[in-house]
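K.L.:
This structure is in structure tokens; I'll ask about it shortly.
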Amino acid sequence: NHLARQVPRTSSNEEQPALDKTQFVEFNKVFPDIVKDLTETGRHLDVPRATKWFAKVLQYNMLGGKRNRGLALVLSYRLLAKNEPTPEDFHLARIMGWCLEILHTSLLMTQDTVEQADTRRGKPCWYKASDLVSNAGVALNDASLLETGIYQLLKIHFEDKPYYMDVLELFHDVSHKSILGQVMDTETRADRSLQQFTMERYKTITKYKTAYHTFQMPIALALHMAGVRDLETHRQAKSILMEMGQFYQVLADFLNCFGDPEVTGRVGTDIENGKCTWLSVVALQRASDSQKQILQECYGSKHPEKVARVKELYNTLGLPSTYKIYEEQTHDLLCTQIQQITRGLPHKLFFKFLEKVYVKMLYIVPGINGISRVLLVCTHQQGLFGRTR
Numbered sequence: 130n131h132l133a134r135q136v137p138r139t140s141s142n143e144e145q146p147a148l149d150k151t152q153f154v155e156f157n158k159v160f161p162d163i164v165k166d167l168t169e170t171g172r173h174l175d176v177p178r179a180t181k182w183f184a185k186v187l188q189y190n191m192l193g194g195k196r197n198r199g200l201a202l203v204l205s206y207r208l209l210a211k212n213e214p215t216p217e218d219f220h221l222a223r224i225m226g227w228c229l230e231i232l233h234t235s236l237l238m239t240q241d242t243v244e245q246a247d248t249r250r251g252k253p254c255w256y257k258a259s260d261l262v263s264n265a266g267v268a269l270n271d272a273s274l275l276e277t278g279i280y281q282l283l284k285i286h287f288e289d290k291p292y293y294m295d296v297l298e299l300f301h302d303v304s305h306k307s308i309l310g311q312v313m314d315t316e317t318r319a320d321r322s323l324q325q326f327t328m329e330r331y332k333t334i335t336k337y338k339t340a341y342h343t344f345q346m347p348i349a350l351a352l353h354m355a356g357v358r359d360l361e362t363h364r365q366a367k368s369i370l371m372e373m374g375q376f377y378q379v380l381a382d383f384l385n386c387f388g389d390p391e392v393t394g395r396v397g398t399d400i401e402n403g404k405c406t407w408l409s410v411v412a413l414q415r416a417s418d419s420q421k422q423i424l425q426e427c428y429g430s431k432h433p434e435k436v437a438r439v440k441e442l443y444n445t446l447g448l449p450s451t452y453k454i455y456e457e458q459t460h461d462l463l464c465t466q467i468q469q470i471t472r473g474l475p476h477k478l479f480f481k482f483l484e485k486v487y488v489k490m491l492y493i494v495p496g497i498n499g500i501s502r503v504l505l506v507c508t509h510q511q512g513l514f515g516r517t518r
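Sequential numbering from 130 applies to the sequence shown in the numbering used here.
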């Protein structure tokens, strides 16, 4: 029974929570230095109000997240370093991790403003913080301000490092790709005919908007910091991480629709927002003409009855069962690909990523309510990267 299977474990259940908490605390200790580096008034004596504003932007938007991308970078560096990292090495890895967190936050700020979202990290989105931000244009400018901070930090801390140009180019490249993903996502959602809701388009959006900066980038940056320049090593790592990013997004899409809000901590709104998801694409592939008409009439509507009709159609088309098959086959394929990795890349690093993405089936009681039982456990284990889209 595949429901009882789990990916290889890298540490005991007792050790892992304490380790994760320690890493989280150590990572957060660096944040005041990040703010100081970016807002030190001595660096910009002629614009003191602007630097004070930058501090507000950082404090409001950067606090409250899970830090998962930054923490993944530090973990990757620890496993990839040729020699035992020194405290200074770990400090630099955490700074690099904060650069990645800043990139992610700047993308979220732009996305929230464009999509007119209400909350982010338990508080109003930055463009809705009326006592601080006057309009959406200011919020978009502040998102750009955050991104420029990445390059200031890289120059301050890494300019003398042999990998400086490599990470600089990587940040430029992935930032560009992520914004392209946002453009494609917005364009696709605007298509009320749903003609652009194809699997090819879905995979492209996921690759550009999620997989590059959430999965490939933490390990790519860690490889550069560890002095690994071999192109084949980077290619192998990227190949499997991009596949893992696709796998994760399908899981996230499924939970957004079928997950229990009491477990996930939020009510899924992909249908209401008209997002191009794995579920919507597969539904359109299977739907009859009359069923496609239902999707065209109801998808993207915030009316509860129309949302319910879409979910009913998903069940009629057998999407929960299709997802379970996809999940099992993709998990097996990823495990095989990890085992085939060469070039000295530690298999346990990739299994660690997969362990955080994939359902840990250890606590499932088979045969009780079937798919809903899987969803409860599945939701608990998706926390490495949170909701990316």
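Glycine is no exception: its CB is placed at the ideal position from the N, C-alpha and C atoms.
Is the number of C-beta pairs between the region 334 to 348 and the region 368 to 379 that are closer than 8 angstroms three or more?
P.N.:
Contact holds: three or more Cβ-Cβ distances are below 8 angstroms.
K.L.:
Using only the alpha-carbon positions, how far apart do PRO475 and VAL159 sit?
P.N.:
Rounded to the nearest angstrom, the two C-alpha atoms are 27 angstroms apart.
K.L.:
Considering only the beta carbon of each residue, do LEU229 and ALA351 sit closer than 8 angstroms?
P.N.:
No. Outside cutoff.
K.L.:
Please classify ARG198: does DSSP put it in a helix, a strand, or coil?
P.N.:
Here ARG198 sits in helix by DSSP.
K.L.:
Helix, strand or coil for ARG249 per DSSP?
P.N.:
If DSSP states are grouped into helix, strand and coil, ARG249 belongs with the strands.
K.L.:
Within 10 Å of its beta-carbon, does VAL357 have 16 or more other beta-carbons around it, so buried, or fewer, so exposed?
P.N.:
Counting Cβ neighbours within 10 Å, VAL357 comes out buried, since at least 16 surround it.
K.L.:
Sorted by chain position, which residues of the same chain lie with C-beta nearer than 8 angstroms to LEU483's C-beta, five sequence neighbours on each side aside?
P.N.:
So the list reads VAL136, MET373, HIS460, LEU463, CYS464 and ILE467, once near-sequence residues are dropped.
K.L.:
Whole angstroms are fine: how far does the CA of GLU217 sit from the CA of HIS363?
P.N.:
The alpha-carbon atoms of HIS363 and GLU217 are separated by roughly 25 angstroms.
K.L.:
In its own chain, which residues sit with a C-beta less than 6 angstroms from the C-beta of HIS353, not counting the 5 before and 5 after it?
P.N.:
TYR292, ASP295 and VAL296.
K.L.:
Got a sec? Which residues, its chain only, sit under 7 angstroms from ALA412 by beta carbon, not counting five neighbours each side?
P.N.:
Around ALA412: LEU424, LEU442, TYR443, LEU446 and LEU448.
K.L.:
Pick helix, strand or coil for VAL262, following the three-state DSSP scheme.
P.N.:
Coil.
K.L.:
With distances taken Cα to Cα, identify the nearest neighbour of PHE387 among PHE219, ILE400 and TRP182.
P.N.:
With distances taken between Cα atoms, PHE387 lies closest to ILE400.
K.L.:
Taking VAL303 as the reference, which of ILE279, GLY397 and ALA381 has the closest Cα?
P.N.:
Considering only alpha carbons, the answer is ILE279.
K.L.:
Spatial neighbours of GLY496 within its chain, please: CB distance less than 6 angstroms, with the 5 preceding and 5 following residues excluded, ordered by chain position.
P.N.:
Confidence at GLY496 is low in this model, with a pLDDT of 33, below 50, so its placement is unreliable and the value that follows should be read with caution. Around GLY496: no qualifying Cβ.
K.L.:
What are the boundary residues of the alpha helix (DSSP H) that includes PHE479?
P.N.:
Run containing PHE479: 476 to 486, per the alpha helix (DSSP H) assignment.
K.L.:
ALA437 to CYS427, Cα distance in whole Å?
P.N.:
Taking the straight line joining both Cα atoms gives about 9 angstroms.
K.L.:
For GLN422, tell me which candidate among VAL262, SER322, GLU316 and LEU274 has the shortest Cα-Cα distance.
P.N.:
Nearest of VAL262, SER322, GLU316 and LEU274 to GLN422, Cα basis: SER322.
K.L.:
Which runs of the alpha helix (DSSP H) at least 4 residues long sit entirely within the region 398 to 451? Give them in chain order.
P.N.:
Segments of the alpha helix (DSSP H) lying fully in the region 398 to 451: 399 to 402, 407 to 415, 418 to 427 and 433 to 445.
K.L.:
Classify ALA319 as buried or exposed, calling it buried when 16 or more other Cβ atoms lie within 10 Å of its own Cβ.
P.N.:
The residue is exposed, with fewer than 16 neighbouring Cβ atoms inside 10 Å.
K.L.:
Is the distance from the Cβ of SER273 to the Cβ of LEU478 below 8 angstroms?
P.N.:
It is not a contact, given that the beta carbons lie outside the stated cut-off.
K.L.:
Rounded C-beta distance between TYR331 and CYS254? I'm assuming under 8 angstroms.
P.N.:
So it is not a contact: roughly 25 angstroms between Cβ atoms.
K.L.:
Taking buried to mean at least 16 other C-beta atoms within 10 Å of its own C-beta, is LYS284 buried or exposed?
P.N.:
Flag for LYS284 reads exposed.
K.L.:
For a test of the three-state rule: what should DSSP assign to ARG321, helix, strand or coil?
P.N.:
Three-state result, ARG321: coil.
K.L.:
Give me the Cα-Cα distance between SER235 and ALA349, rounded to the nearest whole angstrom.
P.N.:
C-alpha separation (whole angstroms): 20 angstroms.
K.L.:
Cα separation between MET328 and TRP407?
P.N.:
Each residue's Cα considered, the two are about 8 angstroms apart.
K.L.:
Quick one, are the C-beta atoms of GLN188 and THR239 less than 8 angstroms apart?
P.N.:
Cβ atoms of GLN188 and THR239: not closer than 8 angstroms.
K.L.:
Helix, strand or coil for ALA381, going by three-state DSSP, please let me know.
P.N.:
It is helical.
K.L.:
Spatial neighbours of ASP271 within its chain, please: C-beta separation below 6 angstroms, excluding the five flanking residues on both sides.
P.N.:
Answer for ASP271: VAL186, listed in chain order.
K.L.:
On the CB-based measure, 16 or more other CB atoms within 10 Å of its CB, does GLU316 come out buried or exposed?
P.N.:
Exposed.
K.L.:
Starting from ILE163, follow the alpha helix (DSSP H) in both directions and report where the run begins and ends.
P.N.:
ILE163 -> alpha helix (DSSP H) spans 160 to 168.
K.L.:
Measuring CB to CB, does LEU202 end up less than 8 angstroms from GLY226?
P.N.:
Contact flag set, yes.
K.L.:
Excluding the 5 residues preceding and the 5 following LYS306 in the sequence, name in chain order all residues of the same chain whose CB lies nearer than 7 angstroms to its CB.
P.N.:
Within the same chain, LYS306 has close Cβ partners TYR337 and TYR341.
K.L.:
Can you look up LYS290 in the DSSP assignment and give me helix, strand or coil?
P.N.:
LYS290 falls in the coil class under three-state DSSP.
K.L.:
In the DSSP assignment, find the unbroken alpha helix (DSSP H) run with THR180 in it and report its ends.
P.N.:
177 to 191 is the extent of the alpha helix (DSSP H) around THR180.
K.L.:
Below 7 angstroms CB to CB, which residues in the same chain sit around HIS233 once its five sequence neighbours on both sides are set aside?
P.N.:
Once the five neighbours on either side are set aside, the close Cβ partners of HIS233 are ARG198 and HIS342.
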